[in-house]
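**Student:**
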Amino acid sequence: MKKALITGITGQDGSYLSSFLIGKQYEVHGLLRRSSSFNTGRVDHLYKDTHDPSAKLILHYGDMTDGSSVRKVLQEVQPDEIYNLAAQSHVRVSFELPEYTADVVATGTLRLLEAVQDYANSGRPIRLYQAGSSEMFGSAPPPQSETTPFHPRSPYAVSKVAAHWYCVNYREAYNLFICNGILFNHESPHRGETFVTRKITRALARIKLGLQNHLYLGNMEARRDWGFAGDYIEAMWLMLQSDKADDYVVATGESYSVREFLEEAASQLDVDWEKVVKIDSRYLRPAEVDFLQGDPSKAERELGWKPRVSFRELVAMMVEHDFEQAKQECTLRDAGHSVAVRGAAYA
Ligand code: NAP
Ligand code: F7E
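In the working numbering, the protein residues as written are 33 to 379.
In structure tokens, the structure reads:
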């Protein structure tokens with residue numbers, strides 16, 4: 033049985049990847065950061081008590097800002113594959129928390145690489161996937177491919193570029209099997225509620241059922257290449273099954289504006305969005321990424337990877353999920369419970 037270690041296991045991608053790897057008979061270990069409240073909601077359905085011999089998901093406390101914990105978990109688990117997904121991944125928030133973002137995303141990756149190098153030095157084979165991002169391309173004109181130069185536009189993106197180059201450097205210097213995935217935006221019902229797609233589908237569903245009145249957005253003209261997270265985690269795994277460690281763009285090849293995403297979601301829910309959407313400048317960014325559209329032909333050619341879920345199907349999947357959630361909120365409200373507006377400094 034193969035063992036995988038996933039940092040960022042409680043995030044959107046961590047949850048899809050865990051489920052996928054368990055389906056492939058892996059024993060999955062995850063680095064869990066300590067929180068004062070439960071933060072395992074996305075993987076709870078995969079979790080069994082560790083005393084149960086059939087448990088396939090094992091969680092370990094650790095934090096990318098604490099190199100000793102990363103090293104200890106690696107030594108304890110002895111994985112065949114590591115998926116480094118942990119990040120302060122919100123671009124707008126990275127302007128508020130630049131040093132922390134760099135510590136987790138850039139230096140955190142370096143801490144992991146140091147631990148991996150020592151581990152590999154003792155003769156144990158290991159493969160590492162690094163979660164790179166289309167944000168690294170920033171203002172480079174589309175379509176963006178593996179040969180497009182990076183021009184990052186946020187502390188998050190700069191940190192991901194640093195992590196990317198640390199990985200290339202450790203691959204070349206120490207002959208380690210490390211793949212950088214350069215993934216374009218990917219979404220799902222597990223997407224964090226403050227990213228624009230989920231913010232839109234959740235708010236429109238709540239508006240439809242009378243749970244809120246307005247949706248406040250920033251730049252509606254930004255264009256993104258949006259795919260389904262469940263498709264993208266398969267590309268991560270394929271990279272680590274390949275004969276050669278390399279870097280790959282993972283994208284759909286299509287691009288839509290935030291406005292187009294909004295129009296599609298509103299039409300599926302039959303909501304007149306122009307009556308409920310307002311612009312709030314607090315959601316604008318000090319530097320924006322205007323146009324991302326990936327060229328995934330290398331991943332298709334070399335890994336045999338292709339996205340399965342279309343843009344419309346993705347919107348439908350998210351709308352359906354959030355409409356069901358909003359209906360549950362209505363049931364609670366009708367039973368006399370208060371329905372809270374969840375807090376986030378920046379959505
Ligand atoms: P996400 O939902 O924001 O999940 C991030 C994960 O990192 C969570 O499990 C989070 O834990 C964990 N984390 C944050 N800070 C940590 C720390 N100091 N130590 C340990 N863990 C920490 O992100 P995602 O959408 O799944 O994305 C996965 C990875 O791919 C990230 O690296 C992201 O930057 C990158 N990426 C994402 C996209 C996309 O469109 N989704 C595209 C390209 C690249 P908590 O649950 O406790 O917060
Ligand atoms: O913004 C615009 C915003 O926050 C998309 C992360 O997973 O993908 C994600 O980063 C666009 C931007 O994602 C709002 O200005 C308008 O142009 O959903 P987002 P992102 O910044 O593209 C990349 C690939 C990652 O690697 C990241 O980790 O939408 N936008 N109005 C808004 N965005 C937000 N969040 N909220 C708004 O109200």
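The beta-carbon is built from N, C-alpha and C at its ideal position, and this holds for glycine as well.
Sorted by chain position, which residues of the same chain lie with C-beta nearer than 6 Å to L91's C-beta, five sequence neighbours on each side aside?
**Tutor:** Along the sequence shown, read from residue 1 onward, the residue named residue 91 stands at position 59. Cβ neighbours of L91 beyond the five flanking positions: G62, L64.
**Student:** Can the beta-carbon of F52 be found less than 9 Å from the beta-carbon of G262?
**Tutor:** One-based indexing of the sequence shown puts residue 52 at position 20. One-based indexing of the sequence shown puts residue 262 at position 230. In this structure, G262 lies closer than 9 Å to F52 by Cβ.
**Student:** If A237 and L301 are in contact, beta carbons under 8 Å, what's the gap, nearest whole angstrom?
**Tutor:** The residue labelled residue 237 in the question sits at position 205 within the sequence shown. The residue labelled residue 301 in the question sits at position 269 within the sequence shown. Between L301 and A237 the Cβ distance is about 6 Å, and since that is below 8 Å, they are a contact.
**Student:** Are L117 and T39 closer than 9 Å when you measure CB to CB?
**Tutor:** Taking the sequence shown and counting its residues from 1, one reaches residue 117 at position 85. Taking the sequence shown and counting its residues from 1, one reaches residue 39 at position 7. Contact: yes.
**Student:** Going by CA-CA distance only, name the one from D279, M350, R340, P184 that's closest to K330.
**Tutor:** Here the question's residue 330 lines up with position 298 in the sequence shown. If we check each option's Cα against that of K330, D279 comes out closest.
**Student:** Note the first and the last residue of the continuous alpha helix (DSSP H) segment covering H61.
**Tutor:** Here residue 61 is taken as the residue at index 29 of the sequence shown, counted from 1. No alpha helix (DSSP H) holds H61; the beta strand (DSSP E) holding it covers 59–64.
**Student:** Flag Y248 as yes when its Cβ comes closer than 8 Å to any non-hydrogen atom of the ligand F7E, and as no otherwise.
**Tutor:** Within the sequence shown, the letter at position 216 stands for residue 248. Indeed, a heavy atom of the ligand F7E lies less than 8 Å from the Cβ.
**Student:** Under 8 Å: does the beta carbon of V137 sit that close to some heavy atom of the ligand SAM?
**Tutor:** Absence of the ligand SAM is noted for the structure shown, with the ligand NAP and the ligand F7E being the only ligands found.
**Student:** Can you check which of these residues, D45, L215, A297, is closest to W337 by C-alpha distance?
**Tutor:** As a first step, residue 337 must be located in the sequence shown, where it is residue number 305. Minimum Cα distance to W337 is reached at L215.
**Student:** Taking 8 Å as the line, does the beta carbon of H196 fall inside it for any heavy atom of the ligand F7E?
**Tutor:** In the sequence shown, counting from the first residue as 1, residue 196 sits at position 164. No; taking the cut-off as 8 Å, the Cβ of H196 has no heavy atom of the ligand F7E nearer than that.
**Student:** To which residues of the same chain is P221 closer than 7 Å at the C-beta, ignoring the five residues directly before and after it?
**Tutor:** The count along the sequence shown starts at 1 and reaches residue 221 at position 189. For P221, where only same-chain residues beyond five positions count, the Cβ hits under 7 Å are M349, M350, H353.
**Student:** Which whole-angstrom value describes the C-beta separation of Y202 and Y161, a residue pair presumed to lie in contact below a C-beta threshold of 8 Å?
**Tutor:** Taking the sequence shown and counting its residues from 1, the one referred to as residue 202 is at position 170. Taking the sequence shown and counting its residues from 1, the one referred to as residue 161 is at position 129. Contact doesn't hold; Cβ gap of about 13 Å is too wide.
**Student:** Just how far apart, CA to CA, sit A297 and I232?
**Tutor:** Start at 1 with the first residue of the sequence shown, and residue 297 comes out as number 265. Start at 1 with the first residue of the sequence shown, and residue 232 comes out as number 200. Each residue's Cα considered, the two are about 8 Å apart.
**Student:** Taking 8 Å as the cut-off, is the CB of H122 close to at least one heavy atom of the ligand F7E?
**Tutor:** Residue 122 sits at position 90 when you count from the first residue of the sequence shown. Yes, the ligand F7E has a heavy atom inside 8 Å of this Cβ.
**Student:** Are the segment 45–60 and the segment 264–272 touching, with three or more C-beta to C-beta distances below 8 Å?
**Tutor:** As far as the Cβ criterion goes, the segment 45–60 touches the segment 264–272, which means the pair count is three or higher.
**Student:** Under the three-state reduction of DSSP, which class applies to H380: helix, strand or coil?
**Tutor:** The question about residue 380 has no answer here: the residues shown for the chain are numbered 33 through 379.
**Student:** Give me the Cα-Cα distance between V303 and V123, rounded to the nearest whole angstrom.
**Tutor:** Counting from one through the sequence shown, the residue named residue 303 turns up at place 271. Counting from one through the sequence shown, the residue named residue 123 turns up at place 91. If you take the alpha carbons of V303 and V123, they lie about 29 Å apart.
**Student:** For a quick check, are the C-beta atoms of R66 and R103 less than 9 Å apart?
**Tutor:** Residue mapping note: residue 66 aligns to position 34 of the sequence shown, counting from 1. Residue mapping note: residue 103 aligns to position 71 of the sequence shown, counting from 1. No, they are not a contact pair.
**Student:** Name the two residues that bound the continuous alpha helix (DSSP H) containing I16.
**Tutor:** Examination of residue 16 is not possible in this model, given that the chain is present from 33 through 379 alone.
**Student:** Does the ligand NAP have even one heavy atom less than 8 Å from the beta-carbon of R365?
**Tutor:** Sequence index remark: in the sequence shown, residue 365 carries index 333 (1-based). Every heavy atom of the ligand NAP is 8 Å or more from the Cβ of R365, so no.
**Student:** Quick check on R255: buried or exposed, where buried means 16 or more other Cβ atoms within 10 Å of its Cβ?
**Tutor:** Residue mapping note: residue 255 aligns to position 223 of the sequence shown, counting from 1. Result: buried.
**Student:** In its own chain, which residues sit with a C-beta less than 6 Å from the C-beta of M96, not counting the 5 before and 5 after it?
**Tutor:** As a working note, residue 96 is residue 64 in the sequence shown. Cβ within range, chain order: A118, V136, G140.
**Student:** Mind checking who F323 pairs with in its DSSP beta bridge?
**Tutor:** Here residue 323 corresponds to residue number 291 of the sequence shown, with the count starting at 1. R255.
**Student:** Using the Cα positions of Y151 and Y198, report the straight-line distance between them to the nearest angstrom.
**Tutor:** Position 119 of the sequence shown, counting from 1, holds the residue named residue 151. Position 166 of the sequence shown, counting from 1, holds the residue named residue 198. Their Cα atoms are separated by approximately 17 Å.
**Student:** Any chance the segment 161–170 sits against the segment 302–318, with 3 or more Cβ pairs inside 8 Å?
**Tutor:** Flag = no, the segment 161–170 and the segment 302–318 do not touch.
**Student:** Figure out for me which residue from G73, E59, K56, L37 has the closest Cα to the Cα of G224.
**Tutor:** Taking the first residue of the sequence shown as position 1, residue 224 is located at position 192. Per the Cα distances, G73.
**Student:** Considering only their Cβ atoms, is the gap separating S121 from R317 smaller than 9 Å?
**Tutor:** Against the sequence shown, residue 317 aligns to sequence position 285. Against the sequence shown, residue 121 aligns to sequence position 89. No, they are not a contact pair.
**Student:** What is the rounded straight-line gap between the Cα of F182 and the Cα of S171?
**Tutor:** Here the question's residue 182 lines up with position 150 in the sequence shown. Here the question's residue 171 lines up with position 139 in the sequence shown. C-alpha separation (whole angstroms): 8 Å.
**Student:** What's the gap between the Cα of I210 and the Cα of D76?
**Tutor:** The count along the sequence shown starts at 1 and reaches residue 210 at position 178. The count along the sequence shown starts at 1 and reaches residue 76 at position 44. The straight-line gap from Cα to Cα measures roughly 29 Å.
**Student:** By DSSP's criteria, E113 is part of a beta bridge. Which residues make up the other side?
**Tutor:** For this step, residue 113 is matched to residue 81 along the sequence shown. The partner list for E113 (beta bridge, DSSP) reads A36, R159.
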